[in-house]
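There are 4 protein chains.
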Amino acid sequence: MSDNTFGHLFRFTTWGESHGPAIGAVVDGVPPGLAVNEADIQQWLDKRRPGQSKYTTQRKEPDQVKILSGVFEGVTTGTPVSLLIENVDQRSRDYGDIKDKFRPAHADYTYHMKYGLRDYRGGGRSSARETALRVAAGGIARKVLGDGIEIRGGLVQMGPHVVDRDRCNWDETANNPFFCPDPVAAEEWATYLDGVRKDGSSVGAVIEVVASGVPVGWGAPVYGKLDADLAAAMMSINAVKGVEIGSGMASAALRGEDNADEMAMNNDGTVRFLSNHAGGVLGGISSGQDVVVRFAVKPTSSILKPRRTVTVDGQDTEIVTKGRHDPCVGIRGVPVGEAMMACVLADHMLRHRGQCG
Amino acid sequence: MSDNTFGHLFRFTTWGESHGPAIGAVVDGVPPGLAVNEADIQQWLDKRRPGQSKYTTQRKEPDQVKILSGVFEGVTTGTPVSLLIENVDQRSRDYGDIKDKFRPAHADYTYHMKYGLRDYRGGGRSSARETALRVAAGGIARKVLGDGIEIRGGLVQMGPHVVDRDRCNWDETANNPFFCPDPVAAEEWATYLDGVRKDGSSVGAVIEVVASGVPVGWGAPVYGKLDADLAAAMMSINAVKGVEIGSGMASAALRGEDNADEMAMNNDGTVRFLSNHAGGVLGGISSGQDVVVRFAVKPTSSILKPRRTVTVDGQDTEIVTKGRHDPCVGIRGVPVGEAMMACVLADHMLRHRGQCG
Amino acid sequence: MSDNTFGHLFRFTTWGESHGPAIGAVVDGVPPGLAVNEADIQQWLDKRRPGQSKYTTQRKEPDQVKILSGVFEGVTTGTPVSLLIENVDQRSRDYGDIKDKFRPAHADYTYHMKYGLRDYRGGGRSSARETALRVAAGGIARKVLGDGIEIRGGLVQMGPHVVDRDRCNWDETANNPFFCPDPVAAEEWATYLDGVRKDGSSVGAVIEVVASGVPVGWGAPVYGKLDADLAAAMMSINAVKGVEIGSGMASAALRGEDNADEMAMNNDGTVRFLSNHAGGVLGGISSGQDVVVRFAVKPTSSILKPRRTVTVDGQDTEIVTKGRHDPCVGIRGVPVGEAMMACVLADHMLRHRGQCG
Amino acid sequence: MSDNTFGHLFRFTTWGESHGPAIGAVVDGVPPGLAVNEADIQQWLDKRRPGQSKYTTQRKEPDQVKILSGVFEGVTTGTPVSLLIENVDQRSRDYGDIKDKFRPAHADYTYHMKYGLRDYRGGGRSSARETALRVAAGGIARKVLGDGIEIRGGLVQMGPHVVDRDRCNWDETANNPFFCPDPVAAEEWATYLDGVRKDGSSVGAVIEVVASGVPVGWGAPVYGKLDADLAAAMMSINAVKGVEIGSGMASAALRGEDNADEMAMNNDGTVRFLSNHAGGVLGGISSGQDVVVRFAVKPTSSILKPRRTVTVDGQDTEIVTKGRHDPCVGIRGVPVGEAMMACVLADHMLRHRGQCG
């Protein structure tokens, strides 16, 4: 049991605060003999890296990952892979004001009350910087899964604006700064988010992550459900307030005959489903269809609008959170969601193999 | 690591199929010295018990719980509490047809592909009957939490019909067969669900569970988030496809200034929040506000409408699932959701005490 | 994390006190498709059952095991196997005196101080009766391991009397009430133990358990060492005070050149070791040699000799523990040690398969 | 479940090979508010550091520990403490010969067979260098335990030479290079070990570790036994082949009346034991007496005597392990054993507090 570890057989433990010398992850349970190098992992970190457009924070975090152990002569050895990212642009002076005030919607108050103290420089462990380590661990998880499984994510809603599914194409996520699969929506969102940013405000988002090629049979019927682990994985990402599998919350409004994904035989003796309301998971076990997860990210809590709050000493006050913040943190949640999908699947792949051979 | 265990310090393991001689749970980590008897637990099971109205299955399952260990002279001893419920109304002949066909939206196909075999009598471990054990474990969890924490749940949506929040009152959930807090909606739903049932169809629902009195400080900043555990807890319940904390999926559409729950001092030196978009959890740690969780239950998969499917032998076919099924399984999900809330909170109470004293 | 669970992938949780209605175990992680029935498990329980000779307690515990779940049509389903043994000969009046006094060398005092109360009828969870469940779980573990792995145990020391290794033959363990592999020693021990018993005293023992056929490669280099798990497994058995692997404590007196088991090639290309000081485990990983474990069991604590102790109320007093006790509990430790060996190996078999395929 | 993690609530994960850039540990579950700095930890590492006398390896490993996270303004924050030690004297050329041959009594063969490959430079994860991280984690564990608990270890046997208990004094362990509590034995051992070293041989040892001040009540009756965890902790240390609690293996030869530690009341209403055969643990729970553990370390496997072995390619051969090796690795096992004692106790302290308040 650890509050800083995710997974069971494929598992990783993260450490580090945004304003210490470094952050890191220890990835354990990795099968031996997989070709892994730093560039394999770096490609995913680069996708998450801030400062790539005006829509994400202008902090400069090169986020160069180093492999300190567990890889020998280019392949994994079966022992823990230690990943380290140095913190290079800390600018702790930006955070001076928050030492004495609790920022609304942040973890400041709850953190302080739990531990009796807090590292006020950048949120300590509650900083979204921790998610870089999830992305790094996810890079190794993808190696465990192999090329047969493809994981893709994108923003399907920004603020109140939802993509048009008829226009969506996952390849489009590479063509705009929002990882949006709908190119028309992406253009509209650019204008919209500019307005939000200039207004000193922020806005939420919904991310969808889809895994293709997952074989039937991963997961378990009760507490080891694949979707229960996916729910925990996504809800553990900073600022996430809701998680859906397949038709998600909308399932409530469906009739049984509409929700039940019908099945039929293919000519080659395999089974196909005629729809995917289930999101690729039936009874907690993968069905062989695409595994489809969505999660909602709340608007960035650090905004230039003044908000009422209290001081550490118990006085009413107001706060404006200056600094270099993302107007929509959901954007950078895309590679994080993909990584968590990869980590959950890698864990269940090994768990299934352990029990069922 | 176990696929049939939930929780860490307060933890329970369930076993049993709906058509074996009995089902049971082993609840471990219970603090010593708590007054617990079978009636304490039975009251919650009675709330979940089927056959209490025409809107739930007419199977007769008295669900009488027995305590086999861990309680001595009326109080817990600190050792495992073994709970057992005998299966008395199995009628396995009702399930004959499903031996050879995979029921759409059920776990039949995935279960069969994972294990190479399945207990086709009532779904094996995938039967919703397992949730009786969650309710029983939740009865003990409530004892661990004590009287200061109140957990209440209700149906806030049935099919497309949503309650009117202005009419809602948790006390009303005791006055209708739907655990609906809105008495007007409850009446409308009665007519609506009658129609669904007579039509041989089924419908989904959204359940809301609220915990009051939770102190600030339970949970942890990263993978031990209180809301991550709540998400896993609720998603692990049969037929659940979405989980929300506080404003949930709707958070995506909010602006930062609207989402941030402002804080102010009370005269007695305590802190109050001016809203609760966060649902009582900030940065994974309880804030002292009500903890608010919602989850969507898909429509009952067993319906009288014929659906296309395949046989175990790989032939296209159709299936109609006879038997005595709930037209809206979401109704009986209410006590289950309450129980999972209690179990998650009890676990985090002990975890917080372990680390922080 | 559970104080009543053993193992990781193959894992079991036990519950129950010696004086409740029943005791039980939930065995989780069992691979599907294994042929298992109650007789398969009962044979091992019969080996441990008391009252089979005048050298073990005369309590009548038929210890009939029932399988309540996880086996369908004669094979395991991959879901939890619930095992239950009813308590039939409780005679709680025998234990009246110990309600108010702490028995020396028993867990009475520590148990009372930990929990603030204790089930004084037969020791509660500290009763050696719990070991019946280990034996039952071990029966399933043997099924997981298959016929290629043979596990045999025996008493190699009773009190100060050690077997002569030149006379030892594992087949002899079936021919005497002590599971002693040395038939000459067995005869001598019969006379010796008669004297101990008539004297109202008790004596300790050393048990050796050997597993043949374990393939090379199970275990892990650091905290997941096969021998670390074996040490925990054996030390967790009631009354055990020491555990050895291979040459054990005697390793300390060896020179490096004597301790190092030399290796050579067989004609068929396999490797053989020229000795087995390592006890079949090198660097925490099985070597393919016999896995050899020994553990020391202290003398039965319940004796007819008066001993000084204190009352629950804090008064000096004396105690004589009447009842029907084994003069050498180590004897019945043999099937328990075999079972724990089987459980550790089954767990590591699945763990190795999970990570390494 | 992780093969590289030790502990439950107080837990640490180690990573790194002796010939990579660094090794490290992530210590999780540390209570907040404890004053900890690098010097607190370094003092224990210095005790283990090689090259301090001619009786330990002449490798130069300054083993300077850095704290990378989890400590802010001099106190722990409740978040993971990341510890890093850089590798500075790797001399990988010393290990060239072992690339192609399996060293007897080392993990080379088993490691290779498990993973299909191995980091042959210094043993990979099987290097005793990993134990530096245990010592570092133990430094934090001591802070968790506080000043009321004192943990002391020493060598009580070297090769066949055992200390005289009448001459032993724990303060003497600081006065000789063997951590030997018997000053006369220490002098004799110096001559003895010189001979062993000049002979190109090595010898084993027995270490005793004693914890004073442990309160009654830590541990649990069945699988969470304090002594079961101690057994796993000590057996997981490199080269350990046996573990004893209290009278240990010698318990087998005792009579019940001699083994039972009698109890009596002190004038102040507390309980005292008249002996300590139990080693401070009764029924898996601490009794308030000194917790006494001993473990045997086999002789160093790397010796200058030629031994028969096989090559990776399956040829018979001989090997002489050059390099800079300890003639008695047991000496450096003393601070490692102390550290593991501290870690087990810290974990059980938090576990007890979690369940029992």
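Chains as they are written, first to last, in my numbering: chain A, 1 to 357; chain B, 358 to 714; chain C, 715 to 1071; chain D, 1072 to 1428.
We treat Cβ as the ideally placed atom computed from N, Cα and C, and that holds for glycine.
For residue i, the three-state DSSP class (helix, strand or coil)
i	result
Trp189/A	helix
Lys361/A	Here chain A has residues from 1 to 357 only, and residue 361/A is not among them.
Val1234/D	coil
Gly838/C	helix
Arg48/A	helix
Gly154/A	strand
Arg716/B	No information on residue 716/B is available, as it lies outside the stretch 358 to 714 that chain B covers here.
Gly74/A	coil
Arg351/A	helix
Ile863/C	coil
Val329/A	coil
Ile999/C	strand
Gly1327/D	helix
Asp28/A	strand
Ser1078/D	According to the sequence shown, residue 1078/D is Gly rather than Ser. Reduced to three states, the DSSP call for Gly1078/D is strand.
Val693/B	helix
Val654/B	strand
Buried versus exposed call for residue i [16 or more other C-beta atoms within 10 Å across all chains shown]
i	result
Ser950/C	buried
Lys1118/D	buried
Leu274/A	exposed
Pro221/A	buried
Thr627/B	exposed
Val293/A	buried
Arg725/C	buried
Asp1397/D	buried
Asp1300/D	buried
Asn526/B	exposed
Gly1028/C	exposed
Closer than 7 Å to chain B by CB, residue i
i	result
Val329/A	no
Leu1080/D	yes
Leu1416/D	no
Leu1105/D	no
Leu1421/D	yes
Residue i at chain A interface by Cβ criterion, 7 Å
i	result
Tyr1186/D	yes
Met622/B	yes
Trp1260/D	no
Arg1196/D	yes
Asp397/B	no
Supposed close pair residue i, residue j - CB separation, criterion 8 Å
i	j	result
Val795/C	Val741/C	4 Å
Asn564/B	Gly496/B	Residue 564/B is actually Ile in this sequence, not Asn. Actually they are not in contact, since the Cβ atoms of Ile564/B and Gly496/B sit about 18 Å apart, beyond 8 Å.
Ala819/C	Asn1309/D	Contact doesn't hold; Cβ gap of about 34 Å is too wide.
Cutoff 7 Å: residue i Cβ touching any chain D Cβ
i	result
Ala205/A	no
Leu425/B	no
Gly386/B	yes
is_contact[residue i, chain C] using C-beta, thresh 7 Å
i	result
Gln355/A	yes
*For the region 554-611 of chain B, list the alpha helix (DSSP H) runs that are entirely contained and at least 4 residues long, ordered along the chain.*
Listed in chain order, the complete alpha helix (DSSP H) runs (minimum 4 residues) inside the region 554-611 of chain B are 583-592.
*asked:* If we require 4 or more residues per run, which alpha helix (DSSP H) segments fall completely within the region 1149-1189 of chain D?
replied: Listed in chain order, they are 1179-1186.
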